[in-house]
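Take a look at the structure below.
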Amino acid sequence: MLPGHRHPLPDARRAESEELHRDISMVSQSPVVTALLDVADAILLVLNAQRQIVAFNSRVPCVKEPSDVLGLRQGEALACVNARGPSGCGAAPACETCGALGAVLGCQGSGRSVEGECLMRSERDGGDSLELNVRATPVLIEDRRFTVVSLRDISSEKRREALEQIFFHDVLNTVTGLRSWTTLLQRPGIDHRRAGERVELLSRQLEREIRDHRALVLAESGALVPSPARVRVADLLRDLDAIFTSNFAAQGRRLELEPVASEVELESDPSLLLRVLVNMVRNALEASAPGGTVRVWCEQLLRQVSQPRLGVGVKALRFSVRNDGVIPPEVRPRVFQRSFSTKAARGRGLGTYSMKLLAERYLGGKVSFVSEPSCGTVFLLELPLGRAPVVSPSGGAEQVSRE
């Protein structure tokens, strides 16, 4: 069961204390389960009918005593951010599309093994997302049914798969455009100047896509070093407009960029900033129906800002990108998770993740969004005006002035 597939939320009730302890004792005396827990090279949990953990192996992180985990549900044991509520794991709106919960419910309902994938954002390790392969298998012990759940970290392979598919998809689109225009150049009666300009534009786009891919790989590994400089916002928006002049995502859709005063500037890494804005616009265009309009504008702010890196009462510049679409409520908590996508194509789920990664970790900004029927969907990028934050080799942000 893939993440994003919806299923009803289960009963939140838990086993009585006496029943829970009986289940724990019963499973602990099973030689088959004990052997299985010892040899498994992934996180292994045994759940009772109420989805509570009655046995687990040593792969479960941050466990000092068995009592730290026994009786919890899987999301609670792994510190899933959606398990914070009073009813715990399986009760939040985001749980309707949880692949791990779906696999367990599918197994309990069918009596057969069910495999799926789960994108879980953990409160541990700085809130990073875990990408897990989940397999739930029924097991019968003394006429009582339990569920053995295997959770294997597939973050590296999913990240590699996503990066490769996005890279090849974008590069092949650009190469197709290049081939079309170079073919036209060989025909008589063609406006060679216009065709040459298109070839030049697509060549720059191809180079940019290769650099973007490299930057994202470096950002993922923490090795990306920003190069801050003074950036004129008017020039930045002009470059943004030029990029989408021949972009496949813009076909049949309209892009409107509101003009800004020529003196509006900020200090940032111009290449990384442009990449973030390109991702914001591309996502908005892809989410728009044919004939739809995407609007881009920016404004200066002076207000209390919740993002720690922006400080309090500082001047900031906010870029906004709006389209008419609305993100479903159950999808919104997962928008910034790596590899999560509402699109059917595999490997297309790094756009929102990368914009947040680059903007917040390397540009010292903040990315957020609002999505309501009354206003459509607006993605927001806030950046401080003045000194540009860059990332130190240790991964922390430090302020560097170029004055």
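In our numbering, the protein residues as written are 3 to 405. Backbone N, C-alpha and C fix where the C-beta goes; we use that ideal spot for every residue, glycine too. Values in this document were obtained by computation on a predicted structure and should not be read as measured data.
Query, Result
"Boundaries of the beta strand (DSSP E) in which Asn135 is found, first to last residue", "Ser131 to Ile143"
"Buried versus exposed call for Pro386 [16 or more other C-beta atoms within 10 Å across all chains shown]", "buried"
"Within 9 Å, strictly: CB atoms of Arg232 and Glu202", "no"
"CB of Leu287 within 9 Å of CB of Leu238, strictly", "no"
"Bridge-paired residues (DSSP) for Thr379", "Asn325 and Ser373"
"Length of the line joining the Cα atoms of Glu78 and Ser89", "10 Å"
"Chain C within 9 Å of Gly111, Cβ atoms only", "Of the protein chains in the structure, only one exists, and it is not chain C."
"DSSP three-state assignment for Thr247, whether helix, strand or coil", "coil"
"Rounded separation between Leu257 and Gln54 - CA only", "51 Å"
"Reference Phe321, options Val298, Glu98 and Glu166, closest by Cα", "Val298"
"Nearest-angstrom Cα separation, counted from Thr149 out to Val283", "44 Å"
"Nonlocal neighbours in the same chain, by C-beta distance under 7 Å from Val106, ignoring five residues either side", "Leu49, Arg53, Ala138, Thr149 and Val151"
"Cβ-based neighbour list, Gln309, same chain, cut-off 8 Å, excluding 5 preceding and 5 following", "With a pLDDT of 49 at Gln309, under the threshold of 50, the modelled position of that residue is not reliable, and the figure given next carries that caveat. Excluding sequence neighbours, Gln309 sits near Glu362, Gly367, Lys368 and Glu384."
"Assumed close pair Ala102, Val62 - CB separation to whole angstroms, cut-off 8 Å", "Not a contact, Cβ separation roughly 14 Å."
"Nearest-angstrom Cα separation, counted from Phe58 out to Glu144", "19 Å"
"7 Å CB neighbourhood of Leu359 in its chain, flanking five on each side removed", "Ala221"
"Three-state secondary structure (DSSP) of Cys109", "helix"
"Coarse secondary structure for Phe170, derived from DSSP in three states", "helix"
"Residue range of the beta strand (DSSP E) that includes Gly118", "Val116 to Arg123"
"Beta-carbon proximity check, Leu22 vs Gly73, cutoff 9 Å", "yes"
"Residue interval of the alpha helix (DSSP H) (run including Ser264)", "Taken as a continuous stretch (DSSP letters only), Ser264 belongs to no alpha helix (DSSP H), as it is neither H nor E."
"Alpha-carbon spacing of Asn285 relative to Asp70, whole angstroms", "42 Å"
"Same chain only: Cβ atoms within 7 Å of Pro10, ignoring 5 sequence neighbours per side", "none"
"Gly397 burial status per 10 Å Cβ neighbour count (16 or more: buried)", "Only weak support is given to the placement of Gly397: the predicted model assigns it a pLDDT of 42, under 50, and the value that follows is read from those uncertain coordinates. Gly397 is exposed by the Cβ-count criterion."
"Bounding residues of the alpha helix (DSSP H) (the contiguous stretch that carries Ala37)", "Pro33 to Val41"
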